[in-house]
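In mature numbering (1 follows the signal peptide of the UniProt record, and there is no 0), the protein residues as written are -20 to -1, 1 to 1001.
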């Protein structure tokens, strides 16, 4: 009874629609049509479940009326006999820019010849940053594109979620039907979603200029939008924040495009109670457990890497092992999601050519993706995640009649999509093949010497073979109306038979030229079906695949080789304790549960792993106070004060420098923001746990630090060096740097007082809370000794000025880094309470350092300062032990004090000396066993241990190098085999990585990766 009521309601609604008036006038005679269809005798797959056989689907005015067994079609319906054919719901693409204006790309890179755009160029009552434009609404810009719609329809899509792919907050997306007329009817939902990304897109505004800046901007905008809900009078009308708030109830879609960005986006969502739908990047299989932990639904592209031409070894050597491995394993990404139980939709986005969609989808199925999950990813999942399952995604009464008519099961390689119906409108895809004409035909050639017969085996539209004395593959063309055949039937070059004709039911006829060039007529009569061919005949076996490693780099661990915390006894070593006991000879050190358990002689090994330290030296792990490794971005240079940005937001565990520095004995690194601005970003202390994710790298429980800077970099002296006056970002002088500090901390004091007043008010009625400001939050932490400053510095006058400002405004510099004129002001630094982290002998690389001397570290130590030697450079960090040794030569420093400059002293200045920096029971087991005196140029790290886990073992490293070489060779051979099999190839693509050689540089640049090597000499030292 309910079904009858539903049918009556639908018919009534359809009738009302039929007689409704339209605002568009008709130039001519109105021709309203009652569009009703009955698709009979079909195999109908309603929603991915068991198909209905010999079934009927009825459509009226664009909607499905009924689905069930074939019976009597409704009166007036156009009957379409679908015997032998399949009906499926049309697909849904949840990530498209169909019908959207294409924004001109912004010129990338930093150009000192141009003035920075500091403010938004957007006119009107909008927000301050033009990369954040949630007020943008896709439906207002939508304009259907017949050619683009046809391309998507031909692939099987009937509906897309489209938006303008530009900016960090991109506004709303629109749900659109891929119909070829009347945009008004194509728009199914005007505001269907809200969109975000980490890319500022076409915005030319200087801020943000980094990944961590984009994250900070998103976090601040969430806070500002919450604050704006109270309509603060001093904000006025902000249409951007208003639109942001209005869109929070919509599905929230975040374009992340990378496994780590997926996780970064999800953390922003978690902070503000938002569960994003995440547009993935294709490399998520490399960290699928972390991806599953986000609990997000994903949108996956099938943009798999192309096969490269690596036959020339000179080309192959510049293609990284990462890229070779990704080429092989990228097609496993959808299957990895399925195996991990992660919901996902599939999109055509990012494909080099949309026509490769089906080939790539079948490749994903060949690599483990089930057909059921693939079908759901194209129908049910996108419909449900966008909240439109009641309209599209399955063939059920009441839904739009978006459906495919195919020749067979949708994922079979030979299946043809005949038609794609969108909102009840038929769109031809391969209508020419609606009638299956494949099979055996008897061809009769009417030659001057009498009839000549052949058999033709017609397999598919462009594949047939002619059977005579030999079976010969023919150049064959068939479009349902015309047929052409060109073949040398006796395999004689240059003696081709050329036939052209028309199709009439089971008989073809036409004219042609025989092998001697004589004209003739011909006929072909259907004889019956040809030999059946397996649908998977062209599928190639996947074969053995390489392993996913952690990280996805050379020297990464697979799931079976990941190092584990052990009980270790290092026996009979020379132990540099950095404690009152000094250097102890012939001494054992026992490690248990990640801590140093005991130090002594003849310790009981028990079940411990024993490492013979005879003739070797054991030291605490090297600590680098000033590093820039393992990050996606270093500088946020868009403003002079960026204390809101955090290195922690963009750690990159896939940096080969982690492993390289372990090979040089480094166990802890302080990752700093660069020196592009007076007050830079918050730093992150990490332990070099090679293979861990970004959270696993973090040194838990450590105090927070922040990077400040003085001098040439901050005031942008490169403009002056280029005789350019375009530096419009304050400050432009050293005096200006001082005023930035004064202004920032004056605002921080006022901000703190405003919050104190608000929090102490007994009756908050009528009071509006101060706006939460992430920039000022960090500065208040400094004022309250909850965050500590490490400051880039060179010139003694600036160092003096910085300390005076700090003392006036109530904060302190914890560490001056670089500090190459520190020997001039060591007494003042000691009085201020600062530490010094310096280079051993860097000199004359810019004007600020002409007074640098190699005695600097020793002189500052003699003045009573705590002194460290740092790297500021990924290569130098592999030999910090040797850098420390230079002070023995230049300043007569004792060996123990020299080693402390890269172990205990940086631990003290980072406030972690209770845990690391010396060898004492109870401290973290961060240790290095050296082959020689650790200050010797001949010393090599044999084992580097972090928290009782051996992360670098030199003997194992030799085995890993062989494994890396073997894996490279296997993949290159496989790629070359693909080329020889006829697969299209692209020229070899050298692998680049974005690097900062030193925090001195404001902007990153690309270099060729040589990630398969430990160090330049293969030793790590």
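No residue lacks a Cβ here, since even glycine has one placed at the ideal position from N, Cα and C.
For residue 775, which residues in the same chain have their Cβ closer than 7 angstroms to its Cβ, ignoring the five residues on either side in sequence? 691, 801 and 828
Same chain, Cβ closer than 7 angstroms to residue 296, neighbours up to 5 away in sequence not counted: 290, 952 and 968
Which one of 84, 762, 928 and 938 has the shortest CA to CA distance from residue 549? 928
Beta-carbon contacts of residue 537 that lie in its chain and below 7 angstroms, excluding the five residues immediately before and after: 529, 530, 543 and 671
Among 410, 400, 389 and 394, whose alpha-carbon lies nearest the alpha-carbon of residue 439? 394
Do we get a CB-CB distance below 9 angstroms when we pair residue 881 with the residues of chain B? Among the chains of the structure shown, chain B does not appear; only one protein chain is present.
Could you check if residue 101 is buried or exposed, using at least 16 other CB atoms within 10 Å of its CB as the buried criterion? exposed
Along the beta strand (DSSP E) that carries residue 456, what are the first and last residues, could you check? 451 to 458
So if DSSP puts residue 841 in a beta bridge, which residue, or which two residues, is it bridged to? Note: residue 841 sits in no beta bridge, so no partner.
Within 10 angstroms of its Cβ, does residue 1002 collect 16 or more other Cβ (buried), or is it exposed? Since the first residue shown for the chain is -20 and the last is 1001, residue 1002 is missing from the structure and cannot be characterised.
Taking the runs of the beta strand (DSSP E) that are 3 residues or longer, which of them lie wholly in the stretch 721 to 763? none
Cβ-based neighbour list, residue 115, same chain, cut-off 7 angstroms, excluding 5 preceding and 5 following: 106, 151, 219, 220 and 223
Given a threshold of 16 other Cβ atoms within 10 Å of its Cβ, counted over all protein chains shown, does residue 2 qualify as buried or as exposed? exposed
Just checking my contact of residue 870 with residue 591 at CB under 8 angstroms: how many whole Å lie between their CB atoms? In fact, because the Cβ distance is near 34 angstroms, the residues do not count as touching under 8 angstroms.
Between which residues of its own chain and residue 684 is the CB-CB distance below 6 angstroms, once the five residues before and five after are set aside? 767
Ignore the nearest five residues each way along the sequence and tell me which others in residue 879's own chain have a CB closer than 8 angstroms to its CB. 556, 558, 599, 861, 864, 914 and 915
Continuous beta strand (DSSP E) stretch holding residue 808: start and end: Run containing residue 808: none in the beta strand (DSSP E); it sits in the alpha helix (DSSP H), 806 to 812.
Taking C-beta to C-beta, are residue 570 and residue 553 nearer than 9 angstroms? no
In this structure, does DSSP put residue 69 in helix, strand or coil? strand
CB-CB under 6 angstroms to residue 632, same chain, minus the five flanking residues each way: which ones, in chain order? 610, 611 and 612
What is the DSSP secondary structure of residue 159, reduced to helix, strand or coil? coil
Tell me which same chain residues have a C-beta within less than 7 angstroms of the C-beta of residue 389, skipping the five on either side of it? 66 and 395
Between 899, 135 and 40, which lies nearest to residue 580 when the distance is taken from Cα to Cα? 899
Report the CB separation of residue 135 from residue 338 in whole angstroms; it is logged as a contact under 8 angstroms. 7 angstroms
With a cut-off of 8 angstroms on the beta carbons, I'd call residue 805 and residue 779 a contact; round off their distance for me. 5 angstroms
Ranges of the alpha helix (DSSP H) found wholly within the stretch 258 to 282, counting only runs of at least 4: 268 to 272
Give me the residue from 307, 196 and 308 with the minimum Cα distance to residue 757. 196
For residue 630, which residues of its own chain have a beta-carbon under 6 angstroms away from its beta-carbon, when the five flanking residues on both sides are left out? 191, 192, 611, 612 and 613
Residue ranges of each beta strand (DSSP E) run of no fewer than 3 residues wholly in the stretch 892 to 948, ordered along the chain? 907 to 910, 921 to 926 and 929 to 933
Near residue 904, which residues of its chain fall below 7 angstroms by C-beta distance, leaving aside the five closest residues on each side in sequence? 574, 575, 895, 896 and 927
Anyone know if the C-beta pair for residue 654 and residue 708 falls short of 9 angstroms? no
By how many angstroms is the C-alpha of residue 837 removed from the C-alpha of residue 695? 27 angstroms
Taking DSSP as the reference, what is the three-state secondary structure of residue 4? coil
Report the three-state DSSP secondary structure of residue 481 (helix, strand or coil). strand
From what residue to what residue does the beta strand (DSSP E) around residue 606 run? 602 to 607
Could you work out which residue in 391, 764, 602 and 797 is closest to residue 689 when comparing CA atoms only? 797
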